[in-house]
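Quick note, the sequences are listed as chains A and B, same order. Residue numbers for the first sequence follow our numbering, so the first one is 1 and each next one is one higher. Residue numbers for the second sequence follow our numbering, so the first one is 1 and each next one is one higher. Where is the CB? At the ideal position from N, CA and C, for every residue including glycine. Source: prediction; values computed, not measured. Some notes on the structure that comes next.
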Amino acid sequence: MGMPIVVAVRDGDDDAAVEDVFGWFGHVDATFSTFRADSEISRIRRRELAVDDASEEVRSVLELCEELRAETQGYFDAWRCSPDGLDPSGVVKGWAVDGAAAILDRAGRREYAVNAGGDIRTRGRWQIGIQHPIERSAVAKVVDGSDLAIATSGAYARGEHVRDPHGAATPTGILSVTVLGGDLARADAYATAAFAMGMPRVIGWTARLHGYEALTILADGRVLATPGFPG
Amino acid sequence: MRRAITAALGAATLALPTASAASAAAATKKVITTTKTVTGSQGFAGRWGYVEVALVVRKTTTTVGSKATVKRKIIKVDVPIYPNHTDRSVFINEQALPYLTQEVLQAQFNPNIQLVSGATDTSNAFMQ
Chain A
1 MGMPIVVAVR DGDDDAAVED VFGWFGHVDA TFSTFRADSE ISRIRRRELA VDDASEEVRS
61 VLELCEELRA ETQGYFDAWR CSPDGLDPSG VVKGWAVDGA AAILDRAGRR EYAVNAGGDI
121 RTRGRWQIGI QHPIERSAVA KVVDGSDLAI ATSGAYARGE HVRDPHGAAT PTGILSVTVL
181 GGDLARADAY ATAAFAMGMP RVIGWTARLH GYEALTILAD GRVLATPGFP G
Chain B
1 MRRAITAALG AATLALPTAS AASAAAATKK VITTTKTVTG SQGFAGRWGY VEVALVVRKT
61 TTTVGSKATV KRKIIKVDVP IYPNHTDRSV FINEQALPYL TQEVLQAQFN PNIQLVSGAT
121 DTSNAFMQ
């Protein structure tokens, strides 16, 4: 997938479970990568593979994308976010980390953290920083909590990296949106959608999330958080 | 809402004789301030749904000698029931109501941080 993946386990030296996790990420990459010509997603893009004939994993991820498209009023849209066609990567990353966490859970690990390109899932208590959007060596906030799933979408990494599927314009007024909640695939899609909405729509939308908390950093230096966002 | 304001005016008229009787003895200035919450009846705002408005009215009665002056001022307007059955109404209402906490962006350098959540260069590649 071409992104840094960090797996940290604090309880036990169970290298086999960590190996399984990296094996899983390799499998996800081979199946979903838009950069690999032989992945199922690339084959669907070229119309060599019908969605109905895809593997169960791909179908369930695309079903989730469809659900999220409706929930986000089209702001998360795996079919329209890329000019090259289908790109479910916004969900796959979080979904892959959810799967990695399930592998570590099954191996009996209760103190671990998985970080795939800024999408994080933890078990046990960890201190997670929210990247400061301007000062690269600093964080804007520290989340000190247990068993978290947290994803951030933003524009600071390399300019505009989320397209608004409605207007195809760069969303304005927001530097980053962080969403925290039970399901990392969902949290990531919500963060992506909220960022794409831009100001002022992001205010009402994040305030209305059910079961998920959001922290939005605005371009004017204000930080808006849902009341339940852990400090 | 209109009915509620009429009711408030009625109450003030009844209070007037007491105020003037008390001040009749001495020609001193006396100021009495009271606040009252007036809740209007629930109204149906067309296709948008039900709405109810509550006003907090401050009444200031200034008595000089036998002359009483009453001033009323609306100091707060609440909307305890508002239409929320359409997306647009919810959006407008949430713009007006404090659902989010607000603070100022600060740069923290915390050595205890074990992980950082952020948008990476790779997610750029994912989305474009």
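Taking 4 residues as the minimum length, the alpha helix (DSSP H) runs contained wholly in the stretch 190 to 214 of chain A are 201 to 207, in order along the chain. Residue pairing by DSSP leaves residue 31 of chain A without any beta bridge partner. If you compare the alpha carbons of A:25, A:217, A:58 and A:213 with that of residue 97 of chain A, the shortest gap goes to A:25. Linking residue 57 of chain A to residue 187 of chain A through their CA atoms gives a straight-line distance of about 19 Å. For residue 49 of chain A and residue 193 of chain A, the gap between their C-alpha atoms comes out near 28 Å. Distances from the alpha-carbon of residue 92 of chain A to those of A:112, A:60 and A:109 put A:60 closest. Unbroken alpha helix (DSSP H) stretches of 4 residues or longer found wholly inside the stretch 63 to 109 of chain A: 89 to 106, given in chain order. Judged by DSSP secondary structure, residue 103 of chain B falls within the beta strand (DSSP E) whose first and last residues are 101 to 104.
Within the stretch 47 to 69 of chain B, not one residue has a Cβ closer than 9 Å to any Cβ of chain A. Beta-bridge annotation (DSSP): residue 116 of chain B is paired with A:129. Taking C-beta atoms as the reference points, residue 34 of chain A and residue 87 of chain A count as a pair closer than 8 Å.
Identification of chain B residues near residue 135 of chain A by a Cβ-Cβ cut-off of 7 Å yields 107, ordered along the chain. For the pair residue 34 of chain B and residue 59 of chain B, the CB atoms are nearer than the 8 Å cut-off. In chain B, no part has a C-beta under 9 Å from the C-beta of residue 41 of chain A; the shortest such distance is about 11 Å. For residue 55 of chain A, the nearest beta carbon of chain B is not closer than 8 Å to its own beta carbon. Here DSSP, grouped into helix, strand and coil, assigns residue 183 of chain A to coil.
Here residue 44 of chain A carries a helix assignment [DSSP, helix/strand/coil]. For the pair residue 28 of chain A and residue 75 of chain B, the Cα-to-Cα distance works out to about 60 Å. Per the Cβ contact rule, the stretch 173 to 188 of chain A is in contact with the stretch 197 to 215 of chain A (3 or more Cβ pairs under 8 Å).
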